[in-house]
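Peer 1: Its first residue numbered 14, the sequence shown is counted upward by one per residue in the working numbering.
Virtual Cβ for every residue (Gly too), placed ideally from N, Cα, C.
Here it is, the structure, as structure tokens.
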Amino acid sequence: MTSETGAETPPRRAGWTGAAARAIELWALAGGALLLGVVAINAASVIGGVFGAPVPGDFELTEMGVAVAAFAFLPWCQLTGANVTADIFTARASRAWTARFALAAAVVALFFALLLLWRMWAGMLDQREYDYMTAILSVPVWWAFPPILVSLALLAVAALVSLVEAAPVAAGRAPGAGSGPA
């Protein structure tokens, strides 16, 4: 669906898909706020460096903050279809075939989200067990893992929403037709 300006408008979601979309949107906004905080720390460190007082551990905070923020954007990218795609293959495809590709992509995204969630959980447990800390600030590295795990869980939810929305179109039905209340 396109608006009067020609821009693609997001689908209206209700029920659990609407609640999931709102949570994912808020999570992405929190990732953006975190990224702005990282920029502020770097700016303060550069300005402080001019006067001989850079922010200690700015590299460590940047590393952790950018990692958490990048993962926070993944569910939003999945939900809005903003991931990298090869449109050259779908430019002349019918709506049903495009939906079939979207359905396959959602299945792959769901699989990888669950795989990454599982392995990142194991990684967090290892980081906690080994008590690995950053060099300057002595911040436990595992502290970055819980928000990343939330992001991966939301990515799985976003992939599930994508799957549910693409399935009727891929099967040749109108979206929401015969699926009952959402």
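Is it buried or exposed for I101, if we count other Cβ within 10 angstroms and need 16 for buried?
Peer 2: Exposed, by the Cβ-count rule.
Peer 1: Taking the C-alpha atoms as reference points, what is the distance between A85 and A109?
Peer 2: Going by the C-alpha atoms only, they are around 30 Å apart.
Peer 1: Could you check if L116 belongs to the surroundings of the ligand ZN, using beta carbon to heavy atom distance under 7 Å?
Peer 2: Among the components modelled here there is no ligand, and therefore nothing to report on the ligand ZN.
Peer 1: Going by C-alpha distance, which of W134, V52, A82 is nearest A41?
Peer 2: Taking only the C-alpha atoms, the option nearest A41 is A82.
Peer 1: Assign W89 to one of two classes, buried (16 or more other C-beta atoms within 10 Å of its C-beta) or exposed (fewer than that).
Peer 2: By the 10 Å Cβ count, W89 comes out buried.
Peer 1: From G78 to A122, what does the alpha carbon distance come to, in whole angstroms?
Peer 2: Going from the Cα of G78 to the Cα of A122 covers about 24 Å.
Peer 1: Can you tell me the Cα-Cα spacing of L104 and T111, whole angstroms?
Peer 2: Looking at the sequence itself, residue 104 is Ala, so the reference to Leu does not match. About 9 Å.
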